[in-house]
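Below is one structure, written out as C-alpha cells; comments come after it.
In my numbering, the protein residues as written are 33 to 296.
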C-alpha cells in the first residue's frame with residue numbers, strides 16, 4: 033500500500049485516470065443509448081449495475097492481460113487469399129474489430145429507427161429490451177472499450193495496484209457521469225442524432241484499429257488506423273455543424289413566425 037502513494041505512482045495514477053476519462057467518452061454515449069431501451073424507471077439501475085459489473089470484469093481482464101499479454105498479441109488464426117483478403121487475427125485485434133462492427137450496427141440501427149418514428153412520444157415501442165440484455169451489452173462493450181486503456185496502463189506502469197485503482201476511480205466517475213449524459217440527451221433531443229453519428233465514427237475508428245492490428249489487407253490495400261487527432265477533429269466538425277444547423281433552423285422558425293404574424 034505504501035508503494036501506491038509514492039510520487040511516481042501517484043503521478044502515474046492521475047495520468048491513467050485522466051486517460052481513462054478521455055477514452056471513456058464514447059463509452060458513455062453507448063451506455064446512454066443502450067439504457068434507453070429499457071423502461072425509464074429502470075434506466076438508472078441498468079447504467080449503475082452495468083458499469084459496476086464492468087469495473088470488476090475490467091480488473092479481471094487486467095489481471096489476465098498482465099499475465100498473458102504475449103498471448104493477446106499472437107495470431108490465433110489467419111486468412112490469406114492474395115489480392116482479396118488477408119489478415120492475421122490476434123485476440124486483441126479480433127475483439128476490437130468485432131466491437132467496432134457492433135457499434136456501427138447499433139448506431140446505424142438507432143439512426144434508422146429515429147428517422148422512421150412518426151410519434152416521438154412513442155419511441156420506446158418496438159425498441160424495448162430486457163434489463164438483463166441491456167446490462168449484458170453495456171458490460172461487453174465496456175470491456176471492448178477498455179482494451180486500449182488497459183494496454184496503455186501496462187505501458188505506463190507495472191504496478192498492478194496502480195492500474196486497478198485507476199480502473200475503479202474511472203468506473204466510479206463513469207457511474208456519476210452516465211446519468212448526467214443520459215439526462216442531457218433526454219432534455220436536449222436535438223443532440224441525439226449528433227451522439228449517434230459520433231458513436232458511428234467511434235465504430236469506424238475501432239474497425240480501422242482492429243483491422244490494422246490484424247494486418248488486414250482488402251483487395252491488396254492495407255487497412256490503416258484512424259489517427260486519434262483525426263477522430264477528435266471529425267468530432268469537433270460534427271459538433272460545429274450541429275450548432276450552426278440548430279441556430280439556422282431557429283432563425284428560419286423566427287422568420288416563418290414573423291411572416292405568419294404579418295399575414296394574420
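Glycine included, every Cβ here is placed at the ideal spot set by N, Cα and C.
Under the DSSP definition of a beta bridge, residue 211 lacks any partner.
Taking the C-beta atoms as reference points, residue 231 is found nearer than 8 Å to residue 62. Distance from the CA of residue 201 to the CA of residue 186, rounded to the nearest whole angstrom, comes to 17 Å.
Residue 191 sits in coil when the DSSP states are folded into three classes, being neither helix nor strand. Taking a contact to require three or more Cβ pairs closer than 8 Å, the stretch 88-102 and the stretch 212-222 do not qualify as touching. In this structure, the CA atom of residue 111 is about 21 Å from the CA atom of residue 134.
Using a Cβ distance threshold of 8 Å, residue 72 and residue 170 do not count as a contacting pair. Annotated three-state conformation of residue 118 is strand, per DSSP. If only complete runs of 4 or more residues are kept, the stretch 42-79 shows the alpha helix (DSSP H) at 57-67, in order along the chain.
Each of 88, 87 and 164 was checked against the Cα of residue 77, and the nearest Cα belongs to 164.
Under the DSSP assignment, residue 244 falls in the alpha helix (DSSP H) whose first and last residues are 223-245. Residue pairing by DSSP places residue 254 opposite 249 in a beta bridge. About 15 Å separates the beta carbon of residue 107 from that of residue 117, a gap too long to meet the 8 Å contact definition.
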